[in-house]
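When the sequence shown is numbered by this note's numbering, its final residue is 129 and no position is left out of the sequence of numbers. Below is one structure, written out as structure tokens; comments come after it.
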Amino acid sequence: MKGCFKRSHEAFDGNNPELAQQLSLRGETHRDNMERFNKAASTKIFQENNQRFTGSNTIDLHRLFISEAKLHFDDAVQEVRDSGESLLNVIVGKGNHSKNNVAKIKREIQEYGKSLGLGVAVNPLNDGRLVVNLNPS
């Protein structure tokens, strides 16, 4: 993908706009395919992690990128709201499998949830889980 865009710029600078256009379109196709495959992988990972939680107010965001975790978090918040519940349990992990054992998803979901006006607290029995209150006082 990056190679196509680089060669496209080189072709454009070399006064070959037809080749530049062709390479640019090829690069866009590669980028679109990459995004489609990444989304499919994210969806599959989320589905596998959450099979055991179907019908509950718990989601597991392990093994996702932060941007993907936020999208699934948004969907889960809406589903919990639609069901009339007010609490969402979010498994974010303790960071044991992250670089320097830093729980990146945990921190990001805490901040993101608070920015949405939600009450977010670490589960006192398991610091790899968050309890999200959709109707904080």
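Backbone N, C-alpha and C fix where the C-beta goes; we use that ideal spot for every residue, glycine too. If you're wondering where the values come from, they're calculated on a predicted model, not measured in any experiment.
Practice task
For Glu71, count neighbouring C-beta atoms within 10 Å of its own C-beta (all shown protein chains included) and say buried if the count is 16 or more, exposed if not.
Solution key: Here residue 71 corresponds to residue number 79 of the sequence shown, with the count starting at 1. Per the 10 Å Cβ criterion, exposed.
Practice task
Ignore the nearest five residues each way along the sequence and tell me which others in Asn42's own chain have a CB closer than 7 angstroms to its CB.
Solution key: Along the sequence shown, read from residue 1 onward, the residue named residue 42 stands at position 50. Closer than 7 angstroms at the Cβ level, and outside the excluded window around Asn42, lie Ile51 and Asp52.
Problem - Leu79 - containing beta strand (DSSP E), residue span - result: In the sequence shown, the residue the question calls residue 79 occupies position 87. Where Leu79 is concerned, the enclosing beta strand (DSSP E) stretches over Leu79 to Ile83.
Exercise for the section: Measure the CB-CB distance between Ser78 and Asn127 and report whether it falls below 9 angstroms. Expected result: On the sequence shown, residue 78 is found 86 positions in, with the first residue counted as 1. On the sequence shown, residue 127 is found 135 positions in, with the first residue counted as 1. Yes.
Exercise for the section: Give a yes or no on whether the minimum CB-CB distance between Leu122 and chain D is below 9 angstroms. Expected result: In the displayed structure, chain D is absent; only one protein chain is listed.
Problem - Contacting residues, own chain, Cβ-Cβ under 7 angstroms from Lys86 (five flanking each side not counted) - result: Working through the sequence shown from its first residue, we reach residue 86 at position 94. Contacts found: Ala95, Asp119 and Gly120.
Handout entry: Bridge-paired residues (DSSP) for Val112
Key = The residue given as residue 112 occupies position 120 in the sequence shown. According to DSSP, Val112 bridges with Val124.
Handout entry: Endpoints, alpha helix (DSSP H) assigned at Asp74
Key = Position 82 of the sequence shown, counted from the start, is the residue given in the question as residue 74. Residues Ile58 to Asp74.
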